[in-house]
Amino acid sequence: MNRFLYLSSALFLSVSNSSCFKDKTDVDKPNLLVIMTDEHSIRTLGCYREHMAECQRNLWGSSLKIETPNIDRLASEGALCLNFFTSAPVSTPARASFQTGLYPAAAGAPINGMPMDSNLMTFADVLSENGYSTTYVGKWHLAGVPKIPGRMYYEPGFSFGWQNRNYMFETDHEKWYKVKEKPNRIYITNKNKEGDDAYEYSTDFLTNKVIELLEERDNRPFCMMLSIPDPHSPDLCKEPYISQYAKIEITNPSTNTEELLNARPGWGIGGKAQAEKFVPKNIRNYFAMVKCIDDNVGKILKYLDDNSLTDNTIAVFTSDHGDMLYNHMRVDKGCPYDDAIRVPFIVRYPSRIMSGKVIKRALNTTDFPPTILGLMGFNELGEVHGEDESCILKDTVSVVENGRMVYITDSPFSEWTAITDGKYKLVLSCKDKPWLLDIEKDPLEIQNYYDAPEYSDIRKRFQDELILKMKKYDEPALKLDRPFLYSSDDDITYKSPYYGMNRKQISEVEKGTLEKYIIEMHRDYYRKY
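The UniProt record's numbering applies: residue 1 is where the sequence shown begins, and numbers increase by one.
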């Protein structure tokens, strides 16, 4: 079935406005290129696989070979952040944090379909006010526009600093696009056509638009953000990528034995992300989408090289959140397993960041705006939850060690909160006892070390810091009427209606109450719904 996207009303108009232009580009201002993918597993990127334990790298089998030379090139020529975590493993909340530097509740967008608070300043606002040309291409998912069968509207009414939004759209994951004669409309479908009616694959389409817009740029420094909807489901791609991976042997993850599935934490059971069965074809097609993304990243890097833009352009590659990809028999996102919360983050800036840099320090989506602006020499964003970590990008230390904990929240359900430094992770939940995970010792996150005597100091340190951050960032779970948890001087005490229930009982309770609860929670607690 064909569908179409309504984009901003200026789709076929130029955003040129002489009053916005400076006569000459300030050569001291670097350009900024941000490439964000959607629901991207770091296990599919060669530069990250090099740093993984064998059981992580070979989750789907030892014969699997994944080549991402262009994304790997960015890492080898810049900084690879091994422990970069999303603020929340859901699209809208994570994207709101990426734009504003705030956690989702403070940004007004703790749930998919809620609009980001229009009063907030974004990193694009700062750059726009400092003479930059700012352009956004691809998925936005922050306008709060409801889904209407057969079409998607984008009329946000607010630019959030993005001057050119001609190819910005709210959200959709159909794989083929085609601009037709009617203005402001792109037709989209999951079933491509042939001949004159053929559509262009989404990643190709959006990348080509970025290159066209770069070709048409004026003399201002630019900030360009490309938001690619892949490799988010549906797990479809185009040829020749499908054929490249069609015969690769894919094995069921070792975490999917009956014994291990029965031992999962409560927050790792049930919901829409619970897979009914393992589907190897979906994994193969996911790899195909990633390969297509990498090739398109290569096209953009070549354009920068050919036009002498590489040295003065900060290039960032990242994603909004990860993808479980059948680990622990789960798909998509929404839980605090590393598969869902750990995301790729690579930044290259040849004149300021040494090549081959590896950063082990834990970072978070909220750190992006203050860090990127700090790297560019601006500090006008105002109060944010994230920290300016640009100093660790600019220093001459080749390997930046850890020493920081970052906080991850569950949007919109408030069923868990987590804190991690990349090595250890503590998850507090209304669905189970606390889980303390040792990621280095147990990278597949099977064993709970919370009650292990040898982890008592780590448990207390992480527990104290998590409660501190929950209060600091106004964690919704602490204000909701729904029983959750609270802290005492020495330990965590539960007040959960789910604690002690088996999986079937939890499912029965949620079936009738969860949807109602979510609606009521956000109507009462947040300004917008």
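Every residue, glycine too, gets a C-beta built ideally from N, C-alpha and C.
Asked                                                                                                                                                                                               : Found
Under a three-way DSSP split, which group does residue 165 fall into?                                                                                                                               : strand
Here's the rule I'm using: 16 or more other beta-carbon atoms within 10 Å means buried, otherwise exposed. How should residue 418 be labelled?                                                      : buried
Got a sec, what are the start and stop residues for the alpha helix (DSSP H) residue 203 sits in?                                                                                                   : 202–215
Taking all protein chains shown into account, do 16 or more other C-beta atoms lie within 10 angstroms of the C-beta of residue 240, making it buried, or fewer, making it exposed?                 : exposed
Below 8 Å on the Cβ atoms is my guess for residue 425 versus residue 267; work out the distance and round it to an integer in Å.                                                                    : At roughly 12 Å, the Cβ-Cβ gap does not stay under 8 Å, so residue 425 and residue 267 are not in contact.
Give a yes or no on contact between the region 326–343 and the region 251–269, applying the rule of three or more CB pairs nearer than 8 Å.                                                         : yes
Starting from the C-beta of residue 252, find all residues in its chain whose C-beta is less than 7 Å away, skip the five residues before and the five after it, and write them out in chain order. : 278
So residue 207 and residue 226 are in contact, right, with Cβ under 8 Å, and what is the actual spacing, rounded?                                                                                   : 7 Å
So residue 293 packs on residue 230, CB below 8 Å; how close in whole Å?                                                                                                                            : 6 Å
Pairs of beta-carbons, one from the region 402–412 and one from the region 297–304, closer than 8 Å: are there three or more?                                                                       : no
Does the structure place the region 333–351 close enough to the region 29–48 that three or more beta carbon pairs sit under 8 Å?                                                                    : yes
Residue 438 bridges to which residues according to DSSP?                                                                                                                                            : 424
What's the C-alpha gap between residue 415 and residue 61?                                                                                                                                          : 33 Å
Which residue's Cα is closest to the Cα of residue 36: 280, 247 and 296?                                                                                                                            : 296
Counting beta carbon pairs with one atom in the region 431–442 and one in the region 391–399, are three or more of them shorter than 8 Å?                                                           : no
In chain order, what residues of the same chain lie with their CB nearer than 8 Å to the CB of residue 57, ignoring the 5 residues before and after it?                                             : 43 and 49
For residue 530, which three-state DSSP category applies?                                                                                                                                           : No statement about residue 530 is possible, as the shown extent of the chain runs from 1 to 529 and does not include it.
By the three-class DSSP mapping on this structure, what secondary structure does residue 429 have?                                                                                                  : strand
Can you list the beta strand (DSSP E) stretches of 3 or more residues lying completely in the region 284–372, in chain order?                                                                       : 313–319, 345–348 and 357–359
So residue 31 is in the beta strand (DSSP E); what residue range does that whole segment cover?                                                                                                     : 31–37
Could you tell me which residues DSSP pairs with residue 446 in its beta bridges?                                                                                                                   : Partner(s): none; residue 446 has no beta bridge.
Three-state secondary structure (DSSP) at residue 482?                                                                                                                                              : Annotation note: pLDDT 44 at residue 482 (below 50); position unreliable, coordinate value reported separately. In the structure shown, residue 482 sits in coil (DSSP, three-state: anything other than H, G, I, E or B).
Would you give the residue range spanned by the alpha helix (DSSP H) that residue 111 belongs to?                                                                                                   : Counting along the chain, residue 111 falls outside any alpha helix (DSSP H), and DSSP gives it neither H nor E.
Could you tell me whether the region 335–343 touches the region 104–124, using the rule of 3 or more Cβ pairs below 8 Å?                                                                            : no
Give the range of the beta strand (DSSP E) segment to which residue 137 is assigned.                                                                                                                : 133–139
Secondary structure at residue 55, three-state DSSP: helix, strand or coil?                                                                                                                         : helix
Would you report the Cα separation of residue 404 and residue 69, rounded to the nearest angstrom?                                                                                                  : 30 Å
What three-state label does DSSP hand residue 500 in the structure shown?                                                                                                                           : Reliability fails at residue 500, whose pLDDT of 43 lies under 50, so the model's placement of it is uncertain and no value is given.
Which whole-angstrom value describes the C-beta separation of residue 333 and residue 89, a residue pair presumed to lie in contact below a C-beta threshold of 8 Å?                                : 4 Å
Sorted by chain position, which residues of the same chain lie with C-beta nearer than 6 Å to residue 100's C-beta, five sequence neighbours on each side aside?                                    : 107, 120 and 122
Within the same chain, show all residues whose beta-carbon is closer than 6 Å to that of residue 401, passing over the 5 residues directly before and after it, in chain order.                     : 360
Compare the beta carbon distance of residue 144 and residue 114 with 8 Å and say whether it is the shorter of the two.                                                                              : yes
Quick one, which of 318, 140 and 142 has its alpha-carbon nearest residue 82's?                                                                                                                     : 318
Which residues in the same chain as residue 367 place their Cβ atom closer than 7 Å to its Cβ, once the five residues preceding and following it in sequence are excluded?                          : 386, 387 and 389
Could you please give me the residues that DSSP links to residue 264 through a beta bridge?                                                                                                         : According to DSSP, residue 264 bridges with nothing at all.
Beta-carbon separation of residue 248 and residue 284 under 8 Å?                                                                                                                                    : yes
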